[in-house]
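Engineer:
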Amino acid sequence: MSMKRILILGAGLVSRPIVHYLTDLQDTEVTVATRTVSKAEALIAGRPRSKAMALDVIKDATGIEEQIKACDIAVSLLPASEHVRVARLCLKHRKMMATTSYISPEMQTLDADVQAAELTFINECGVDPGLDHMSAMRVIHAAKANSGRVESFRSYCGGLPAPEANTNPIGYKFSWAPRGVLTAATNPARYRQDGKVVERPGDELFTAPEQVAIEGAGTFEGFPNRDALPYGTMYGLDDAATMFRGTLRNQGHCETWYPWVKLGLFSQTIRPELSGMTYRQFICDIAGDTDPKHGLASKTGLSEDAAFIDRLEWLGMFEDVPIGLEEAGNIDVMAARMREKCPFQPGERDMIVMQHEFVIDYAGKKENRVSSLVEFGIPDGDSAMARTVSLPVAIATRMIVEGKITQRGVIAPIVPEIYNPILDELSGLGIAFKETVLA
1 MSMKRILILG AGLVSRPIVH YLTDLQDTEV TVATRTVSKA EALIAGRPRS KAMALDVIKD
61 ATGIEEQIKA CDIAVSLLPA SEHVRVARLC LKHRKMMATT SYISPEMQTL DADVQAAELT
121 FINECGVDPG LDHMSAMRVI HAAKANSGRV ESFRSYCGGL PAPEANTNPI GYKFSWAPRG
181 VLTAATNPAR YRQDGKVVER PGDELFTAPE QVAIEGAGTF EGFPNRDALP YGTMYGLDDA
241 ATMFRGTLRN QGHCETWYPW VKLGLFSQTI RPELSGMTYR QFICDIAGDT DPKHGLASKT
301 GLSEDAAFID RLEWLGMFED VPIGLEEAGN IDVMAARMRE KCPFQPGERD MIVMQHEFVI
361 DYAGKKENRV SSLVEFGIPD GDSAMARTVS LPVAIATRMI VEGKITQRGV IAPIVPEIYN
421 PILDELSGLG IAFKETVLA
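The sequence shown begins at 1 in full-length UniProt numbering and counts up one residue at a time.
Given below as structure tokens:
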């Protein structure tokens, strides 16, 4: 077998497991290209058949094209907004591609051309999206093979501090910039419940959270995550009465984030005046009162000792400290505070929790089946987030260069010939779903 040249674009916090996995293979040469070359050099230190290179993938159009021309497959760990640009270059030069991100409408438009070129662009091959699809489809296909019909599908996922690391009032910690998590807090959601489509605007996500118990991890608050209905089509469940995808957070999350969103604390509108404010001036401006607690309570109809106010105070939002941000919105102020106050400490573990809940009808006999994953990070090693995001796409990349994925086009890992080998190999690496049939 000839050497396969793998290009990894990006060297962020989830990239170490994929670099180590692919450099452990005997027939690969791995290039890690990123703007800050020291990050790439740290990833490949001591690894065989690998090199690091400085490449500003956003600005250096010539450089990225040269690297794509020289590879057999490009793995994009870049921000999702950059994937289509990489995809167009892969299409131009007839190269395979892999990402962990959702298939955007723009990416989907490339499908016919990618098929015509007999290429595979696998996407949604991380944890969420990724392992959620694979583990769900394994159960759904097994049910259908046994003449079962899935009547209800509810799926939840969360990336959280492990229980012993859940040590701050926010109930959350960040390995990287919090802005993406805060942005997601304002995304509208849509799902189907008992045959009825339910739409939740972005400022109503946190009303009436569900209590979701996961064996080996605890009980969490669950709330809807984006639009679940396209997944009904993807999974072949358009006739299921319930189709729900949700996010999991620790207890107390929703009572805090609901008023924060309602107050506009996650607004992305640029406010030039923020650069001259202190945090206290900022929160007084939001509250419309020189006494922030009084103003916040009045605006929300809650008491001055409400949890959301206590947690703002803990974040330092009442302090006369300059914000010091240029060209920022409210969301950037909150993100800056959370990044400073809610980091993982050395030796602390994170945790990925995922659970699917199925109701399957077998000729009138109902089965309630639960498929769950609880994965903990390695203290001072790879996080659970890094392993569950990058190992699935690492395995898919190996399968593509070995010719073991024959499906062409812009695809997600929802067919047995893709998801079974990935799930089986992950199980051998200790990342395994537990299947339970409830009485």
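In this text, a Cβ means the ideal position worked out from N, Cα and C, and glycines have one as well. Fair warning: this is a prediction, and the values are worked out from it, not measured in the lab.
1. Determine the direct distance from the alpha carbon of V57 to that of I64, and round the result to whole angstroms.
2. Which of the three DSSP states is assigned to H133 in this structure?
3. Does DSSP classify Y102 as helix, strand or coil?
4. Which residue from H253, G288, G252 and M277 puts its Cα closest to that of G264?
5. Could you compute how far the alpha carbon of T388 sits from the alpha carbon of K95?
6. Are the CB atoms of A80 and M97 within a distance shorter than 9 Å?
7. When you compare the segment 321-328 with the segment 360-377, are there three or more beta-carbon pairs, one atom per stretch, that lie closer than 8 Å?
8. With DSSP run on the structure shown, which of helix, strand or coil describes K92?
9. Considering only residues of the segment 313-343, which uninterrupted beta strand (DSSP E) runs meet the minimum length of 3 residues and lie entirely inside it, listed in chain order?
10. Answer yes or no: do V14 and A386 have a C-beta to C-beta separation smaller than 9 Å?
11. Does the beta-carbon distance from I395 to I422 come in below 9 Å?
12. Could you check the C-alpha separation between K59 and P188 for me, to the nearest Å?
13. Which value, in whole angstroms, describes the spacing of the CA atoms of C90 and S76?
14. Please report the residue range of the alpha helix (DSSP H) in which R16 lies.
15. Taking only three categories from DSSP, how would you classify V415?
16. Take M334 as the anchor and find which of R16, G232 and R179 has the nearest alpha-carbon.
17. Under a three-way DSSP split, which group does I58 fall into?
18. Any beta carbon from chain B within less than 9 Å of A61's own beta carbon?
19. Counting Cβ pairs closer than 8 Å, one from the segment 372-382 and one from the segment 232-247, do we hit at least three?
20. Distance, Cα to Cα, F206 vs T34?
21. Give the secondary structure of P259 by DSSP, where H, G and I count as helix, E and B as strand, and everything else as coil.
22. Could you check if L9 belongs to the surroundings of the ligand MN, using beta carbon to heavy atom distance under 8 Å?
23. Considering only residues of the same chain and omitting the five flanking positions on each side of V261, which have a CB-CB separation below 8 Å?
24. The beta strand (DSSP E) with R349 in it runs from where to where?
25. I think V139 touches M107, with their Cβ atoms under 8 Å apart; what is that distance to the nearest whole Å?
26. Under 8 Å by Cβ, that's how I've got G171 and G252 pegged, so tell me the actual separation to the nearest angstrom.
27. According to DSSP, simplified to helix, strand and coil, what is A363?
28. Look up G126 in the DSSP assignment and say whether it is helix, strand or coil.
29. Is the beta carbon of M134 sitting closer than 9 Å to the one on I360?
30. Over the uninterrupted beta strand (DSSP E) stretch that includes T36, give me the two end residues.
31. Please give the ranges of any alpha helix (DSSP H) in the segment 124-202, keeping only runs that are unbroken, at least 4 residues long and fully inside the region.
32. Using the DSSP secondary-structure output, state which residues sit across from K404 in a beta bridge.
33. So if DSSP puts F244 in a beta bridge, which residue, or which two residues, is it bridged to?
34. Taking Cβ positions, are M317 and F266 nearer each other than 9 Å?
35. Opposite N368 in the DSSP bridges: which residues?
36. Would T120 be called buried (16 or more neighbouring beta carbons within 10 Å of its own) or exposed?
Structural biologist: Inspection of the coordinates gives the following:
1. A straight-line Cα-Cα distance of about 6 Å links I64 and V57.
2. In the displayed model, H133 falls within a helix according to three-state DSSP.
3. In the structure shown, Y102 sits in coil (DSSP, three-state: anything other than H, G, I, E or B).
4. When each option's Cα is compared against that of G264, the closest is G288.
5. Here the alpha carbon of T388 sits roughly 25 Å from the alpha carbon of K95.
6. It is not a contact, given that the beta carbons lie outside the stated cut-off.
7. The segment 321-328 and the segment 360-377 do not touch, with fewer than 3 CB-CB distances between them shorter than 8 Å.
8. Residue state, collapsed to three classes: helix.
9. The qualifying runs do not exist here; there are none.
10. Yes. Within cutoff.
11. For I395 and I422, yes; Cβs fall inside 9 Å.
12. Straight through space, the alpha carbons of P188 and K59 are spaced by roughly 32 Å.
13. Each residue's Cα considered, the two are about 11 Å apart.
14. R16 -> alpha helix (DSSP H) spans R16 to T23.
15. Here V415 sits in coil by DSSP.
16. In terms of Cα proximity to M334, the closest of R16, G232 and R179 is R179.
17. Three-state DSSP puts I58 in coil, outside helix and strand.
18. This model lacks chain B altogether, as it is built from one protein chain only.
19. Counting Cβ pairs under 8 Å, fewer than three are found: no touch.
20. Going by the C-alpha atoms only, they are around 37 Å apart.
21. In the displayed model, P259 falls within a helix according to three-state DSSP.
22. The ligand MN is absent from the structure shown, which contains no ligands of any kind.
23. For V261, where only same-chain residues beyond five positions count, the Cβ hits under 8 Å are A185, T186, G202, D203, L205 and F206.
24. No residue range can be given for R349, since it is assigned to no beta strand (DSSP E) and is classified by DSSP as neither H nor E.
25. About 27 Å separates the two Cβ atoms, so there is no contact after all.
26. Confirmed, about 6 Å.
27. In the structure shown, the three-state DSSP call for A363 is coil.
28. In this structure, DSSP gives G126 an extended state, which the three-state scheme calls strand.
29. Not in contact: M134 and I360 (Cβ atoms no closer than 9 Å).
30. Per DSSP, T36 belongs to no beta strand (DSSP E) and is neither H nor E.
31. Considered as a whole, the segment 124-202 harbours 131-145 and 179-184 as its complete alpha helix (DSSP H) runs of no fewer than 4 residues, in chain order.
32. Per DSSP, none; premise fails for K404.
33. Looking at the DSSP assignment, F244 forms a beta bridge with R154.
34. Against a cut-off of 9 Å, the Cβ pair of F266 and M317 comes out as no contact.
35. V359 and L438.
36. T120 should be labelled buried.
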